[in-house]
Amino acid sequence: VPETTFHTMTQGSTEEDLTITTESESEMDKEPPKPTPVPVHGPPKHDSTKVALIVTTYFFVSMSLVFANKIILEDDIFPFPLTMTWFQFVLQLIGLKFSQYLGSKSESLRFVPEIPFDWSTAKKVMPVTLVYIGMIVANNICLQYVEVTFYQVAR
84 VPETTFHTMT
94 QGSTEEDLTI
104 TTESESEMDK
114 EPPKPTPVPV
124 HGPPKHDSTK
134 VALIVTTYFF
144 VSMSLVFANK
154 IILEDDIFPF
164 PLTMTWFQFV
174 LQLIGLKFSQ
184 YLGSKSESLR
194 FVPEIPFDWS
204 TAKKVMPVTL
214 VYIGMIVANN
224 ICLQYVEVTF
234 YQVAR
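With the sequence shown counted from 1, adding 83 to any position gets you my numbering.
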């Protein structure tokens, strides 16, 4: 098959300005390259036994914390829900830091990844953080005045 050459010239150009593009017939007949397929990753596969254990543990820990808070917030023991909430947040921070420390010492104990602090990220999540803190404070104040059954239904 003889090779045919095509020339392209833009309108209004002179021979000195002439830009020539040469393409052979065989190059023109080729299909354009297909895009590389992007791998599709579905949700990670989890062991259903492990998930059931985690959900059950969360349920029992959450209910235990509600009952413990109700006992503590009785008028004659410690009727200060804001102070109790602050103390629980401090204990959570200590627990997270301790978990990160354990994870740095042993791979099997790595539950909480170490996340470096970044001010720009902190500013972005601040509104959600404040709403979360308000929710916890409101929950503890509510728990001081109502029964646990109503509290669970309202929650």
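Heads up, the beta-carbon is just placed ideally off N, CA and C, and yes, glycines get one too.
Item: Helix, strand or coil: how does DSSP classify Val229 here?; Value: coil
Item: Which same chain residues end up closer than 7 Å to Leu165 when comparing Cβ atoms and leaving out the 5 residues on each side of it in sequence?; Value: Val220
Item: Just verifying my parser: in three-state terms, what is the DSSP assignment at Ser189?; Value: coil
Item: Tell me whether Thr140 sits in a helix, a strand or coil according to DSSP, three-state version.; Value: helix
Item: So, with DSSP's three-state summary, where would you put Ile63?; Value: Coverage of the chain is limited to positions 84 through 238, which leaves residue 63 absent and any answer about it impossible.
Item: What is the DSSP secondary structure of Phe89, counted as helix, strand or coil?; Value: No answer about Phe89 holds up, because its pLDDT of 48 lies below 50 and its placement is not dependable.
Item: Just how far apart, CA to CA, sit Thr88 and Lys207?; Value: Residue placement at Thr88 is flagged as unreliable, the pLDDT there being 49, under the threshold of 50; the coordinate-derived value follows with that caveat. Approximately 59 Å, taken between the alpha carbons.
Item: Which of helix, strand or coil does DSSP assign to Ile198?; Value: coil
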